[in-house]
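First the structure, in the form of structure tokens, and then the observations on it.
There are 2 protein chains.
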Amino acid sequence: MDVAVVGLGLIGGSLLRALATAGHELYGYDVDPATRATARTAAAQAPPGARWQVPGSLADTVRRADGRWADLVAVAVPLPAVGAVFDALARISYVGQVTDVTSVKAPVAELAAERLHSQGQALASFVGGHPMAGRETSGFGAADPTLFDGCAWVLCLEQQTPLTEWLGLAALLTSLGARVVPTTAAEHDEAVAAVSHVPHLLAAALAAGAAGNPLAATLAAGSFRDGTRVAAGNPALIAAMCGGNAGPLSTALDALLDNLAGARVALAEADPIAALARWLAPGCAARGGWPPRSGESAVLPAHREVLLRLGGVGGWVTSVAADLRTVTAVRPA
Amino acid sequence: MDVAVVGLGLIGGSLLRALATAGHELYGYDVDPATRATARTAAAQAPPGARWQVPGSLADTVRRADGRWADLVAVAVPLPAVGAVFDALARISYVGQVTDVTSVKAPVAELAAERLHSQGQALASFVGGHPMAGRETSGFGAADPTLFDGCAWVLCLEQQTPLTEWLGLAALLTSLGARVVPTTAAEHDEAVAAVSHVPHLLAAALAAGAAGNPLAATLAAGSFRDGTRVAAGNPALIAAMCGGNAGPLSTALDALLDNLAGARVALAEADPIAALARWLAPGCAARGGWPPRSGESAVLPAHREVLLRLGGVGGWVTSVAADLRTVTAVRPA
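Protein sequences, first through last, are from chains G and Y. Just so you know, we're using the numbering used here here: the first sequence kicks off at 1 and counts up by one. Just so you know, we're using the numbering used here here: the second sequence kicks off at 334 and counts up by one.
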């Protein structure tokens with residue numbers, strides 16, 4: 001497959017490396033000339049047959065010298081830059097497949113619907129994606145071709161998503177070891193607000209609590225280290241991720257604040273230890289049962305409703321049959 | 334030194350092993366007969382010269398057959414059980430040194446003042462301690478003699494604490510690799526509320542947010558894993574730790590909730606990404622500067638005020654001179 005990756009940060013760079021290692025034809029682009037230079041140097045050092053090219057423009061990354069187009073453009077830029085990349089693809093009338101890796105899916109789906117068209121006609125087919133593979137390091141230098149092995153990778157399956165395109169993309173990503181989770185943009189955005197975006201806010205709030213207290217910073221140990229780890233990331237990227245999902249994140253944050261208000265009440269009771277033990281029980285039980293264990297794998301018909309039901313119960317696709325008629329799927333045990 | 338460790342969970346068991354490995358004479362006791370049996374079996378498997386004894390009663394753990402007493406009793410039971418151990422020590426009129434490893438210091442200091450006496454006379458000399466070395470595993474089976482290497486170990490230095498006893502205990506613990514932090518019970522309890530107890534509440538609240546949402550549990554990745562890690566611990570121990578520090582913890586939790594209310598406001602602004610970037614900055618900066626780097630070490634006079642000033646700026650003692658007149662200390666860089 002001929003793939004163009006636009007944006008060569010941690011996720012884009014890792015995808016470029018992973019697909020090149022898997023034998024695909026890869027072209028990468030980043031708006032930053034220094035990142036392009038780094039990616040070119042790395043390509044020259046990659047094993048023959050697993051290299052990539054880094055043209056000097058987005059147009060040359062998507063369209064080859066002989067006029068051929070990339071089969072797939074993977075947009076791996078932060079949310080605030082996605083619209084401009086879609087505009088650039090529309091400007092050169094790219095008509096292949098487009099996906100993205102942004103951590104919020106409803107706003108990107110809206111951007112795709114608005115921007116990837118020409119004279120009222122949709123140009124490219126868009127399938128929103130999100131690999132759950134963040135790290136506190138960023139940039140092409142941190143890129144790792146094994147980053148997606150075993151990671152959950154959401155692929156949005158809306159009523160208007162062409163199933164064939166979805167299955168083709170799922171086949172590509174499962175070949176990298178990803179667990180492809182079929183769901184909708186709305187359900188994705190609610191779920192990641194609770195389990196990814198809220199943790200980033202908590203980490204920053206917790207870290208701020210040690211600022212200006214050197215004794216506390218010295219006493220801080222494992223619970224602080226792990227609870228604040230993601231606050232060591234780039235604040236602009238965290239803000240883009242969380243602020244881009246402001247609606248669902250507000251709802252999830254309110255639920256968390258309500259829950260913590262219960263802890264505050266427990267601390268004021270006559271027997272705070274007993275009251276807190278009751279308050280802690282559901283969270284400790286939930287964490288004890290996480291991560292979900294894989295159940296047995298099963299072959300399922302590749303129907304939209306079957307796939308969405310699979311995602312709804314926390315299941316994922318591990319491979320797609322060559323004829324695109326069935327998938328192999330795993331549900332949590 | 335002849336040391337009795339009462340309570341053979343993760344911390345007590347690790348202390349027993351660490352001190353035995355360092356060549357001290359060790360006796361251990363746990364109220365649970367099964368834990369005593371496990372500790373006896375482990376002693377038989379330890380290298381000769383690094384073994385310990387596990388008598389069948391607390392009295393026999395503290396007093397030898399020939400009438401000698403342990404030089405030091407380290408109380409390593411959860412907070413709700415500390416008072417009963419102090420009562421038992423008073424009942425047998427133990428007059429040596431007592432320390433503890435409980436995660437809250439003011440309530441234990443009160444218990445010591447109330448219970449470790451006989452006919453109005455203080456019996457044992459008490460120095461409250463707290464190694465910042467939790468793990469989500471617990472029990473003697475998880476004990477590790479290297480657990481304290483490099484870990485901050487608070488030793489409370491109050492106006493009434495005998496300095497000689499404090500320095501002797503600091504010498505013992507620094508010999509295990511611990512960084513001994515001099516502070517008061519009140520300052521300790523405030524600091525750990527912010528950097529240790531609040532993280533445990535956040536972890537439980539975050540984990541509870543994924544309960545009943547299998548899609549969210551499947552999408553949860555690194556930020557959820559690390560942010561909830563300590564919720565995998567024993568809820569009774571977490572409740573005892575947090576509920577035992579209810580006053581300072583309420584204050585720290587209120588500060589965190591106030592801070593998170595700022596994030597909630599930022600999410601509702603016209604440009605939530607820009608607003609969140611401003612809100613995130615202090616926490617990300619604080620985490621970027623954590624953990625504090627060690628500055629140069631210096632020899633300081635072993636005076637109460639000098640030691641408390643050291644703790645207040647986030648510094649620690651790395652060794653104590655044999656004559657107890659000076660300490661070697663490190664401040665954060």
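Cβ atoms here follow ideal geometry from the backbone N, Cα and C, with glycine treated the same way.
Collapsed DSSP secondary structure at residue i in the structure displayed
i         : result
Ala662(Y) : strand
Ser93(G)  : coil
Ser57(G)  : coil
Pro478(Y) : coil
Cys284(G) : helix
Val364(Y) : coil
Trp623(Y) : coil
Cys151(G) : coil
Leu657(Y) : coil
Pro199(G) : helix
Asp71(G)  : coil
Glu269(G) : coil
Thr318(G) : strand
Asp189(G) : helix
Ala466(Y) : coil
Val646(Y) : coil
Ser103(G) : coil
Gly12(G)  : helix
Ser556(Y) : helix
Inter-residue spacing [alpha-carbon to alpha-carbon] between residue i and residue j
i         : j         : result
Ala511(Y) : Ser627(Y) : 14 Å
Trp153(G) : His130(G) : 5 Å
Glu498(Y) : Gln430(Y) : 8 Å
His188(G) : Val127(G) : 13 Å
Leu276(G) : Gly577(Y) : 10 Å
Gly472(Y) : Ala112(G) : 54 Å
Leu157(G) : Arg331(G) : 18 Å
Pro55(G)  : Leu534(Y) : 50 Å
Leu412(Y) : Val441(Y) : 8 Å
Arg562(Y) : Ala220(G) : 15 Å
Gly288(G) : Ala537(Y) : 11 Å
Ala281(G) : Gly312(G) : 25 Å
Ile92(G)  : Leu300(G) : 39 Å
Leu257(G) : Arg369(Y) : 43 Å
Ala285(G) : Gly314(G) : 18 Å
Gly28(G)  : Val513(Y) : 52 Å
Val338(Y) : Pro366(Y) : 15 Å
Pro162(G) : Ala106(G) : 17 Å
Thr435(Y) : Leu308(G) : 49 Å
Val415(Y) : Gly616(Y) : 36 Å
Ala298(G) : Glu305(G) : 16 Å
Ala65(G)  : Ser57(G)  : 12 Å
Leu500(Y) : Thr651(Y) : 12 Å
Gly474(Y) : Val408(Y) : 18 Å
Same chain only: Cβ atoms within 8 Å of residue i, ignoring 5 sequence neighbours per side
i         : result
Pro605(Y) : Ala599
Ala255(G) : Ala194
Ala585(Y) : Glu523, Ala526, Ala527, His530, Val531
Cys575(Y) : His530, His533, Leu534, Leu582
Gly49(G)  : Gly23
Arg63(G)  : Trp69, Ala70, Ile92, Tyr94
Rounded distance between the beta-carbons of residue j and residue i, thought under 8 Å
i         : j         : result
Leu176(G) : Ala22(G)  : 6 Å
Gly560(Y) : Leu539(Y) : 5 Å
Pro478(Y) : Arg384(Y) : 12 Å between Cβ atoms; not a contact.
Pro515(Y) : Leu480(Y) : Going by Cβ atoms, the distance from Pro515(Y) to Leu480(Y) rounds to 21 Å, so no, they are not a contact pair.
Residues near residue i by beta carbon distance below 6 Å, same chain, minus five either side
i         : result
Leu352(Y) : Val336, Leu359
Met465(Y) : Cys484, Ala485
Ala573(Y) : Pro411, Leu412, Pro413
Phe557(Y) : none
Ala263(G) : Trp279
Val670(Y) : Past the edges of chain Y, shown from 334 to 666, lies residue 670(Y), and the structure says nothing about it.
Ala39(G)  : Leu8, Gly28, Val54, Phe140
Residues of its chain near residue i, where Cβ-Cβ distance is below 7 Å and the 5 sequence neighbours each way are ignored
i         : result
Glu269(G) : Ala275
Phe419(Y) : Leu444, Ala445, Arg448, Leu449
Ala354(G) : Past the boundaries of the shown model lies residue 354(G); chain G is included only from 1 to 333, so the question cannot be answered.
Asp60(G)  : none
Ala457(Y) : Leu422, Tyr427, Val428, Gly429, Gln430, Val431, Leu449
Three or more C-beta pairs below 8 Å linking the segment 161-178 of chain G and the segment 36-51 of chain G
no
Check whether the segment 61-75 of chain G and the segment 204-213 of chain G are in contact - that is, three or more C-beta pairs closer than 8 Å.
no
Are there three or more Cβ pairs, one per stretch, closer than 8 Å when the segment 226-240 of chain G is compared with the segment 572-586 of chain Y?
no
Okay, do the segment 336-347 of chain Y and the segment 310-329 of chain G touch, 3+ Cβ pairs below 8 Å being the bar?
no
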